[in-house]
Amino acid sequence: MLDKQGVYDCLRDHHINFEITDHAPLFSMEDKPNVELPYPEWDAKNLFIRDHKREHYYLITVRGSKRVDLKQFRKDHKLKKISFGSEEELWEILKIKPGHVSPFCLLHDEERKVHYYIDADYKDNLIGIHPNQNDATVWLQGKDLVKLIEEHGTIVEYITI
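When you read off a place in the sequence shown, starting at 1, and then add 15, the result is the number in the working numbering.
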């Protein structure tokens with residue numbers, strides 16, 4: 016499993032440029048006003064969802080300022096009824112606890128169960144995400160993150176929200 020240092024090492028091993036901002040732990044977007052970030056317009060939030068039969072899992076990453084309408088998302092992507100994944104499913108599949116969810120935890124998904132959706136705004140821009148620990152933000156190019164996730168074998172799809 017990749018802890019914070021493991022994420023940094025992984026990025027270096029893949030020759031991906033990144034910046035680190037250490038800060039107080041952020042458990043949700045409501046905690047964000049208490050933290051000064053260098054690129055607040057590019058921070059991200061992540062939603063771990065599943066279908067009602069627990070057959071398909073999804074991680075959605077969007078800009079922190081956006082709201083995801085799950086009903087509309089389901090319709091747009093022709094998914095079965097969806098809801099948030101449980102804490103147990105999050106740990107079982109992505110080896111991460113609530114409040115620490117990050118696209119980097121997709122690298123823990125050895126069975127490639129999770130389909131990854133990322134906001135198209137990040138395609139040619141910076142993205143700020145936790146390094147599998149909520150007391151830091153890693154800033155890197157969105158396309159570098161997508162390449163890393165795809166190299167792992169995870170299906171990635173850009174979305175417009």
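Beta carbons: idealized from backbone N, C-alpha and C, even for Gly.
- Its chain contains Pro40 as the residues whose beta carbon lies nearer than 6 angstroms to that of Asp150, once the 5 sequence neighbours on both sides are disregarded; these appear in chain order.
- Per DSSP, the continuous beta strand (DSSP E) segment holding Trp154 begins and ends at 151-156.
- Around the beta carbon of Lys19, a 10 Å sphere encloses 16 or more other beta carbons of the protein chains shown; the residue is thus reported as buried.
- Of Gly168, Leu62, Leu52, Asp136, the smallest CA-CA separation from Ser98 is found for Leu62.
- Contact check for Ile133 against Ile174 passes: the beta carbons are separated by less than 8 angstroms.
- Going by C-alpha positions, Thr36 is about 14 angstroms away from Glu56.
- In this structure Val153 touches Ile144 by the C-beta definition: roughly 6 angstroms separates them, less than 8 angstroms.
- In terms of Cβ geometry, Asn140 and Gly157 form a close pair [threshold 8 angstroms].
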